[in-house]
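Since the structure comes first, as structure tokens, the remarks are kept for the end.
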Amino acid sequence: MAEQKPKLALYWASSCGGCEISVLAVHEKILDVAAAFDIVFWPCAMDFKEEDVAAMDDGEVDVCLFNGAIRNDDNAHMAHLMRRKSKVLVAYGSCAMEGCIPGLANFTDREHMMNFIYHDSPSTDNPEGIEPQMRTTVPEGELTLPEFWNTVKTLDQVVPVDYYLPGCPPEAKWTLAAIEAILSGQLPPPGSVIGMDVTVCDECSRTRSEKHIKQFYRPYEIIPEPDICLLDQGLFCAGIATRAGCGALCPQVNMGCRGCYGPNEGVVDGGAKLISALASVVDGATPEEIDAVLETLPDPAGYFYRFSLPHSLLRRTHLVGSNGTRTVEKITATPQLDPKLKD
Amino acid sequence: MAHDYNEFNPAWEERTPVIIGLLCNWCSYRAADLAGTSRFGYPATLRDLRIMCTGRLDPTFVVKALREGADGVLVMGCHPGQCHYDAGNYKAMRRMALLRRTLVQLGVHPDRVQLAWASASQGTVFTEMVKNMTETIARLGPLNWQDTAFDESQHKEMEAIRG
């Protein structure tokens, strides 16, 4: 009977929709999922509404796979609703877990984004200077929009989360592993990340040797050797500090790991670990030599926090000034150490 | 030693600067000891922590210090070529260079995070470095990371949504 089946809900907040597709990447096993679960909410694929979920009893949904970051009031409302209605809430994919690409908005602020999108971008045609308003009165009544936040948050910064499934998007084998674990009742301890506890290098088949990076190359600048570690060849690869589980898909096709599976088990700040690992293999013994190498790595924060800025220790850029004039803090004169005291 | 930090920056109303010092066991920590036993004066802004080598320095320590309320982080180790473990200080040099570049993008002035060398006999180098860094931080003003960057104010309506 349908009532006996566990209830599954899927929701997307601030995300691209790739996680929804990745659920379907389990291919024909989706039929097993559909047979095993009663899908009660899945806006991407099925016609249920928010009010249908709101009408359920608290804790009635057995498992909710929640993807997407939290970047406005509506995302947060749905996160709270799904938390209340679900026994097990899974942060599904990098956005819900770490903020991912939507989280890169934390490098700037709402004011700056609105200015660019509605006024300053070269392709904007907005002579009347119209901006979205939270409340607009039209003849038919008042229309509302959710409030757009200044800072993107992860799911677990808004509501308690039971399990995490990393990846952008998660690989189907781990989605299945999670679903099977839930079905069999053999659940890992709450708060666990469902995946591996080694790095992408352990899954990568390329040959590694001792690293001395003299120059970083961007992917278009060189054609990498097929079997040698990309980092050895000077291509940025986050695999050294990224959780395994994807099967090293990107390095297999000559593209350095982007780091979407997030930091490895026990790591607090993935970006800081990546700085640690990457900087130690830079070739150079003086500040000048080191700077010359690092000069070839543009946008380091973008590389290191590409998927994890909202979940990093610092969470966002600290901005001084506003409305497009943001800068890092200014200092008039830096006192220098007396050269006599240096040797 | 009394300091009026308002002179450098009026934002120092509430408190004095806080600098976390991560000092190498084999040299700079002993330089700090020497400065103390020699009664060298320096501003009481440094909270020093001993690490076995600057090569042990995980950038996470620095980032966490800034997040938890430090206004600056001073890392001190053995002079290049004199590392107790051969090359730990070279690793620190590279990591700090990359970390400073990253922190600039996150809105942290690079001078808030500094690396310097002092051998066990260089108590004066240690005190001068603390004085210089204190002045730098005093000019920059308080960082107060969680108050300024965490931005909880945006959730004024969240309590109502929670129900």
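Chains as they are written, first to last, in this note's numbering: chain B, 1 to 343; chain R, 344 to 506. Backbone N, C-alpha and C define an ideal beta-carbon position, used for all residues, glycine too.
*If you run the structure through DSSP and keep just helix, strand and coil, what is Y428/R?*
In the second sequence, the residue the question calls residue 428/R occupies position 85. Correct three-state label for Y428/R: coil.
_Using a Cβ-Cβ cutoff of 7 Å, what residues of the stretch 428-445 of chain R are near chain B? List them in chain order._
Y433, K434, M436, R437, R438, A440, L441, L442, R444, T445
*asked:* Taking the beta carbon of D344/B as the centre, do at least 16 other beta carbons fall within 10 Å, making it buried, or is it exposed?
replied: Outside the shown range of chain B, which is 1 to 343, sits residue 344/B, and nothing can be said about it.
*To the nearest angstrom, how far is it from the Cα of G17/B to the Cα of V406/R?*
The residue given as residue 17/B occupies position 17 in the first sequence. The residue given as residue 406/R occupies position 63 in the second sequence. Those two C-alpha atoms are separated by around 32 Å.
*Name the residues in the stretch 287-318 of chain B whose C-beta lies less than 7 Å from a C-beta of chain R; which are they?*
Residues P287, I290, D291, L294, P300, A301, F304, L313, L314, R315, R316, T317, H318.
*Measuring CB to CB, does G262/B end up less than 8 Å from E20/B?*
What you label residue 262/B is simply residue 262 of the first sequence in a count that begins at 1. What you label residue 20/B is simply residue 20 of the first sequence in a count that begins at 1. Going by C-beta atoms, G262/B is not nearer than 8 Å to E20/B.
*DSSP three-state assignment for W488/R, whether helix, strand or coil*: Position 145 of the second sequence, counted from the first residue, corresponds to residue 488/R. Reduced to three states, the DSSP call for W488/R is helix.
*Classification of V193/B by the beta-carbon crowding that lies within 10 angstroms, buried from 16 upward*: In the first sequence, the residue the question calls residue 193/B occupies position 193. When all chains shown are included, V193/B counts as buried.
*Contacts around E203/B, its chain only, beta-carbon distance under 6 Å, and the 5 residues preceding and following it disregarded*: Mapped onto the first sequence, residue 203/B falls at position 203. Excluding residues within five positions, the ones whose Cβ falls inside 6 Å are A244, G247, A248.
*Have a look at T491/R, Y433/R, E478/R, T445/R and flag the residue whose alpha-carbon is nearest the alpha-carbon of E289/B.*
Reading the first sequence from its first residue, position 289 is the one you call residue 289/B. The shortest Cα separation from E289/B among T491/R, Y433/R, E478/R, T445/R belongs to Y433/R.
*For chain R, is any of its Cβ atoms less than 8 Å away from the one on I101/B?*
Sequence index remark: in the first sequence, residue 101/B carries index 101 (1-based). Taking Cβ atoms only, chain R never reaches closer than 8 Å to I101/B, which makes this a no.
*asked:* Tell me which residues of the stretch 396-410 of chain R have at least one Cβ-Cβ distance to chain B shorter than 9 Å, keeping chain order.
replied: G398, L400, D401, P402, T403, F404, V405, V406, K407, L409, R410
_Counting only C-beta atoms, is M344/R closer than 8 Å to chain B at any point?_
Position 1 of the second sequence, counted from the start, is the residue given in the question as residue 344/R. Interpretation of M344/R is limited by its pLDDT of 40, a score under 50 that renders its predicted location unreliable; no figure is taken from the coordinates.
*asked:* Can you give me the C-alpha to C-alpha distance between F404/R and P287/B, rounded to a whole angstrom?
replied: The sequence position of residue 404/R within the second sequence is 61, counting from 1. The sequence position of residue 287/B within the first sequence is 287, counting from 1. About 21 Å.
*Span separating the alpha-carbon of P190/B from that of R83/B*: Walking along the first sequence from the start, residue 190/B turns up at place 190. Walking along the first sequence from the start, residue 83/B turns up at place 83. Rounded to whole angstroms, P190/B to R83/B spans 14 Å at the Cα level.
*asked:* If you follow the alpha helix (DSSP H) that W12/B is in, where does it begin and where does it stop?
replied: In the first sequence, the residue the question calls residue 12/B occupies position 12. Premise fails: W12/B lies in the beta strand (DSSP E), 7-12, not in any alpha helix (DSSP H).
*Using a cut-off of 7 Å between C-beta atoms, extract the partners of T275/B located in chain R.*
Counting from one through the first sequence, the residue named residue 275/B turns up at place 275. The residue asked about is misnamed: residue 275/B is Ile in this sequence, not Thr. Correct list: P402, R438, L441, L442, T445.
*Give a yes or no on whether the minimum CB-CB distance between W355/R and chain B is below 8 Å.*
The count along the second sequence starts at 1 and reaches residue 355/R at position 12. Cβ-Cβ to chain B under 8 Å: no for W355/R.
*Whose C-beta lies closer than 6 Å to the C-beta of H212/B among residues of the same chain, with five residues either side of it excluded?*
Stepping through the first sequence from its first residue, residue 212/B is reached at position 212. Taken in chain order, the residues that qualify are D283.
*Cα-Cα, which of A292/B, T154/B, Q186/B is closest to K214/B?*
The residue you call residue 214/B lines up with position 214 of the first sequence. Per the Cα distances, A292/B.
*C260/B and F307/B: beta carbons closer than 8 Å?*
On the first sequence, residue 260/B is found 260 positions in, with the first residue counted as 1. On the first sequence, residue 307/B is found 307 positions in, with the first residue counted as 1. Yes. Within cutoff.
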